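Novice: To start, I am sharing the structure in question, which I have written as structure tokens.
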Amino acid sequence: MKNVATLDKIFALSKRRGFVYPAAEIYGGLNGVYDFGPMGVALKDKIKAMWTRDMRTSGKDIVFMDGSILGQEKVWEASGHTANFSDPMVDCTNCKKRYRSDDDGFNIEKPCANCGKTAWTEERAFQLMFETQLGAVSGSSSVAYLRPETAQSIFINFKNVLSTSRVKVPFGIAQIGKAFRNEITPKQFLFRVREFEQMEMEFFCQPDTSKKDFTWWLEKRGNFYKKMGLDQSRVRFREHATNELAHYSSYCTDVEYEFPFGWKELEGIAHRSCYDLSQHIKHSGKELSVFDEAVKESYVPHVIECSVGVDRLFLTLLFDSYREDEVEGESRVYLAIKPSLAPVPAAFLPLMKKQTAAFKPTFEKIRDKFPEVVFDETGSIGKRYRRQDEIGPPLCFTYDYDSDNDLCVTVRNRDTLKQERISIDKIEDYLLKTLAE
């Protein structure tokens, strides 16, 4: 099916159906920051649960941690972020609008898109980390930063995890948590924002096996996106050129998705060599190497990083699953999202409001095992179907005029619109089978 999703359509759907709201909207909003509504939280939870399960069942030893959001200044000096974590920026001296000068489509030879004048400042580096002060007295000793990535708390806790967990190299430490980047030009809805959530895994391995491990994780992460049900014709791997590698990477490959605004990164899979641990050894004076009993030598492990943004993957799922068609002369919008990832697994609809009392006990029984199911009794059945389609439950169960007599309901498939009659006591099995697909 042709992809008909646009940024405007996704933004409108997200707000209309409770996926995402502009932050502080009643006060004019906060650029690059968003709040997630009930449907958004449900979908994000499904994404994070799938990633967590994929890591735990990867066949490798993976443990989890949850690091602090605030980071000591010395941590970011050691990691290279205070010196290297910046984007090139220019300002229009006429209207004062700020631009990231390496953005696609920006040309310093052309007039400002905002005011039409050609009056640019010199290009300069813009520090992306949010700086803050700890305590009541400001000064250099109280400087801290909101973390721009979750990885550094993993590196500085490497020895703590190694000594308190029953793991040995090779093993991974995974984490899901908030990160913050003071983006010059937040744009494209959730794609580039200032506050976001990351899913990161740092895999610690021996130097001589690191290339093999890197290749293994490339395949593993590619399979993850297949399991998510993403259109594989819109997913590709792109190896970084030498001049675009991050300061910590020996080499890196991005998993990219074809959005309406071009091919963009979903996940970075980077070979970080021993850069991070070596830097923290140097700056902290603490020993972070491991001893290899086989050769009686110590070494600093190399690291393979798999890093994906929850919010960006959330946006990708909306784009990938968005559909439009026509049903009985009326247009229909629906999210053809994989059943196991749908924020609502099923909707229960009495045909008439007076049938609520008869159908509600069945719904409540199913809700005990599937807490995300919903009961919708307001409006015509057609409007309720359209409302549910935009949220994405794969199934709708309708209690109608015959249900009192035959103890059956009509089940409607979101994608095919096929309807069939099933016994009320078969609803749970039917739902289980659908969610397993």
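So the sequence shown is numbered by our numbering: it starts at 1 and just counts up by one. We put the CB at the ideal spot given by N, CA and C, even for glycine. Computed from a prediction, not measured in an experiment: that's the story for all the values here.
#1: Assess, as a yes-or-no matter, whether the segment 52 to 70 is touched by the segment 311 to 324 under the definition of 3 or more beta carbon pairs within less than 8 Å.
#2: Between the C-alpha atoms of residue 332 and residue 384, what's the straight-line distance to the nearest angstrom?
#3: If you run the structure through DSSP and keep just helix, strand and coil, what is residue 146?
#4: Just checking my contact of residue 279 with residue 79 at CB under 8 Å: how many whole Å lie between their CB atoms?
#5: Less than 7 Å between C-beta atoms, sequence neighbours within five positions excluded: which residues of the same chain meet that for residue 277?
#6: In terms of alpha-carbon separation, which member of 96, 91 and 95 lies closest to residue 108?
#7: Pairs of beta-carbons, one from the segment 91 to 103 and one from the segment 250 to 267, closer than 8 Å: are there three or more?
#8: Look at the alpha carbon of residue 412 and the alpha carbon of residue 393, and state the distance between them as a whole number of angstroms.
#9: Using alpha carbons as the reference points, say which of 129, 135, 268 and 35 lies closest to residue 147.
#10: Tell me, please, which residues DSSP counts as bridged to residue 39.
#11: Taking C-alpha atoms, which residue in 404, 315, 232 and 258 lies nearest to residue 355?
#12: In three-state DSSP terms, what is residue 1?
#13: Which stretch, first to last residue, makes up the beta strand (DSSP E) that contains residue 184?
#14: Between residue 275 and the rest of its own chain, which residues show a CB-CB distance below 7 Å, the 5 nearest in sequence each way excluded?
#15: Can you tell me whether residue 125 is buried or exposed? The criterion is at least 16 other CB atoms within 10 Å of its CB, across all chains shown.
#16: Run the CB neighbour count on residue 112, radius 10 Å, all protein chains shown included, and call it buried at 16 or more, exposed below.
#17: In angstroms with no decimal places, state the Cα-to-Cα distance between residue 457 and residue 74.
#18: How far does the alpha helix (DSSP H) with residue 212 in it extend, from its first residue to its last?
#19: Are the CB atoms of residue 170 and residue 208 within a distance shorter than 8 Å?
Specialist: Reading from the atomic positions:
#1: Proximity of the segment 311 to 324 to the segment 52 to 70 falls short of the contact definition, fewer than three beta-carbon pairs being nearer than 8 Å.
#2: For the purposes of this step, residue 332 is taken as the residue at position 332 of the sequence shown. For the purposes of this step, residue 384 is taken as the residue at position 384 of the sequence shown. The straight-line gap from Cα to Cα measures roughly 12 Å.
#3: Here residue 146 refers to the residue found at position 146 when the sequence shown is read from its first residue. Three-state result, residue 146: strand.
#4: One-based indexing of the sequence shown puts residue 279 at position 279. One-based indexing of the sequence shown puts residue 79 at position 79. Right, the Cβ-Cβ distance comes to about 6 Å (below 8 Å), so this counts as a contact.
#5: Here residue 277 is taken as the residue at index 277 of the sequence shown, counted from 1. Sequence-distant partners of residue 277 (beyond 5 residues in either direction) whose C-beta falls short of 7 Å from its own C-beta, in its chain, are 155, 158, 288, 300 and 301.
#6: Mapped onto the sequence shown, residue 108 falls at position 108. Comparing alpha-carbon positions, the option among 96, 91 and 95 lying closest to residue 108 turns out to be 91.
#7: With a cut-off of 8 Å, the segment 250 to 267 and the segment 91 to 103 do not count as touching, because too few Cβ pairs lie within range.
#8: To locate residue 412, count along the sequence shown from 1; it is residue 412. To locate residue 393, count along the sequence shown from 1; it is residue 393. As the crow flies, the alpha-carbon of residue 412 is around 10 Å from that of residue 393.
#9: The residue labelled residue 147 in the question sits at position 147 within the sequence shown. Closest option to residue 147, Cα to Cα, is 129.
#10: Within the sequence shown, numbered from 1, the residue matching residue 39 stands at position 39. According to DSSP, which records beta bridges pairwise, residue 39 is partnered with nothing at all.
#11: As a position in the sequence shown, residue 355 is number 355, starting the count at 1. Among 404, 315, 232 and 258, the Cα nearest to that of residue 355 is on 404.
#12: As a first step, residue 1 must be located in the sequence shown, where it is residue number 1. Low confidence applies here, because residue 1 scores a pLDDT of 48, under 50, leaving its location unreliable; read the following figure in that light. Residue state, collapsed to three classes: coil.
#13: Translated into the one-based positions of the sequence shown, residue 184 becomes position 184. From DSSP, residue 184 is part of no beta strand (DSSP E); its letter is neither H nor E.
#14: Locating residue 275 in the sequence shown gives position 275, where the first residue counts as 1. A distance below 7 Å between beta-carbons, with the five flanking residues on each side excluded, links residue 275 to the following residues of its chain, in chain order: 248.
#15: Walking along the sequence shown from the start, residue 125 turns up at place 125. Exposed, by the Cβ-count rule.
#16: Working through the sequence shown from its first residue, we reach residue 112 at position 112. Residue 112 is classed as buried because its beta carbon has at least 16 other beta carbons within 10 Å across all chains shown.
#17: With the chain covering only 1 through 437, there is no way to say anything about residue 457.
#18: Here residue 212 refers to the residue found at position 212 of the sequence shown. Residues 210 to 227.
#19: Here the question's residue 208 lines up with position 208 in the sequence shown. Here the question's residue 170 lines up with position 170 in the sequence shown. The answer is no: Cβ separation not under 8 Å.
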